[in-house]
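What follows is one structure encoded as C-alpha cells, with my remarks underneath.
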DNA sequence: ACCTGAACACCGTTCAAGT
DNA sequence: ACCTGAACACCGTTCAAGT
C-alpha cells in the first residue's frame, strides 16, 4: 500500500482553516467541514489540534508568527520602526478580518511567538531614550490602538451603515499614530 | 385564568442575556438556556428577538444606549469631555467584557442609538476649533483606541500569561489618551 | 502513529398547532 | 398576540476499533 497523501500537520490544518474563513466566513469553519476540505474525517483533526478554540486562536497566532519582524532599515528611527510595525499589523488584520474577529479581539498580543518581537520593539524604544515604564505604555498603547482601529474599520466596512463623506480610515489611522508618537515624544530625555 | 407573569419584552430578554453572559460566560448563552432562565421555552424568544446574533449585538447596543451621554460639567473643555467619554466607555467594557467580546469587537461604534452621542462629541470638537475632517479623525481614533485597549486588557487579564511588573493598564490608557489629545491639539486654530 | 465509524449530548431554527 | 411541542439539520467531542 502506498501512502496516498502526506500526513496532516497542525500547520496544514491552520492554513486550510485560514483559507476557509477568508473565503466563506466564520460559519464555514466547522470541524467536519474543515476536515472534508483536507480530505479527512472530522475526528482526525483532534490528533493535530486540541479543539476548535485552539484552531480559532491558532489561525491568528500563525499569521502573526509569519509577520516579518523588522521591515525597517537598520538606521531607522523609533518613529519609523513603530510606524512600520503598526502598519504591518493593520494590513495583516484587514487582509484577514475574519481570522481576527473570530477570537473576539480577545487574544493577548504578546503570546508565545510574538513575545520576542514585542521585546525587540520595547528595546528600540528604550534605546531611543524612553524610560522603561513609558516604553511599555507606548507599546501597549500602539498595539491596542492598531488592533482596535482595524476591528472597528472592518465592522464599518461590513455594515450597511453609511458613513460621512469625509471619513477616511487610512488617513485617520495615520493621524492617530502620529498623534500618539508626538504625544509620547515629550518623555524623551 | 390569571396571567401569571408579564409578557416578555426584547429588553427583558437582553437584560437576562447580559446577566447570564456576565456570570457564566459566553457558553451559557444558548437559546434554550436563556429561555429557561426566563421561565419560557426556547422558541418563545423568537417573538422578541430576530435570532441569536441579534441577541449578541443587542446586548452591547443596550448597554451603550444606557450610557450617560454627558457626565462632564457644562463648561468643560473638549479635553475634559473626550477624557470622560472614553473613560466611561472603557469602564463599561471592563464591567461587561464578555458582552463586548461576544461580537468580536465587530460592531460599529456609531449605530442607531449611539449615533446621536457620536454627533454630539464631533460637534464639541468642531466648536473647540478643530476642522471637521480632523474632528472626525479624532473621534475615530479615540473610540478605536478605547475599544482596542479594553479588549486587549481583558484578554491579558483572562490569560495565564504573566506580564511585566511595570505594566499598568489604567496608567497606560490614560497616557495614551493624553498623548492622542496632545498630538491632535496642533490642529487647533 | 494516524485515521475512522458510530454514538452522545447538545445546538439554532422552522412550522404547525395550541390558547 | 404570545407561547409551545415536535422535528430538522446540524454542531463539538469521546471512545473503542481499525490499519
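Residue numbers (full-length UniProt numbering), protein chains in the order written: chain A, 1 to 189; chain B, 1 to 189.
No residue lacks a Cβ here, since even glycine has one placed at the ideal position from N, Cα and C.
Neighbour flag for residue 134(B) against chain A, beta carbons, 9 Å
yes
Against chain A, with Cβ distances strictly below 9 Å, would residue 2(B) count as a contact?
For residue 2(B), the pLDDT reaches just 40, beneath the cut-off of 50, and the residue's location in the model is therefore unreliable, although a value from the coordinates is still provided. So, not an interface residue.
Please check the pair residue 17(B) and residue 29(B), which I expect to be a contact at CB under 8 Å, by giving their CB distance rounded to whole angstroms.
6 Å
If we require 4 or more residues per run, which alpha helix (DSSP H) segments fall completely within the UniProt DNA-binding region "H-T-H motif" (30-49) of chain A?
31-37
Coarse secondary structure for residue 2(B), derived from DSSP in three states
Annotation note: pLDDT 40 at residue 2(B) (below 50); position unreliable, coordinate value reported separately. Of the three classes helix, strand and coil, the one that applies to residue 2(B) here is coil, per DSSP.
Counting only C-beta atoms, is residue 59(A) closer than 9 Å to chain B at any point?
no
Identify which residue in 37(A), 54(A), 141(A) and 61(A) has its Cα closest to the Cα of residue 115(A).
61(A)
Rounded separation between residue 179(B) and residue 185(B) - CA only:
10 Å
Candidates 43(B), 152(B) and 81(B): which alpha carbon is nearest residue 73(B)'s?
81(B)
Looking at the structure shown, is residue 103(B) part of a helix, part of a strand, or coil, going by DSSP?
coil
Comparing the C-beta of residue 85(A) with each C-beta of chain B, is any distance below 9 Å?
no
Would you please verify whether the beta carbon of residue 117(B) is less than 9 Å from any beta carbon of chain A?
no
C-alpha distance - residue 172(A) paired with residue 98(B), whole-angstrom precision:
28 Å
For residue 83(B), three-class secondary structure by DSSP
helix
Which whole-angstrom value describes the C-beta separation of residue 153(A) and residue 94(A), a residue pair presumed to lie in contact below a C-beta threshold of 8 Å?
7 Å
Can you tell me which of the three DSSP states residue 191(A) falls into?
Nothing about residue 191(A) can be reported from this structure: the residues present for chain A run from 1 to 189 only.
Could you check the C-alpha separation between residue 140(A) and residue 78(B) for me, to the nearest Å?
25 Å
Determine, using beta carbons only, whether residue 171(B) comes closer than 9 Å to chain A.
yes
If residue 67(A) and residue 92(A) are in contact, beta carbons under 8 Å, what's the gap, nearest whole angstrom?
6 Å
Answer with buried or exposed for residue 103(A), where buried requires no fewer than 16 other C-beta atoms within 10 angstroms of its C-beta.
buried
Which bits of chain A does residue 148(B) rub up against, with CB to CB less than 9 Å?
105, 143, 144, 145, 146, 147, 148, 149, 150, 151 and 152
Quick test of your reading: residue 142(B) and residue 86(B), contact by CB under 8 Å. State the CB separation rounded to the nearest angstrom.
6 Å
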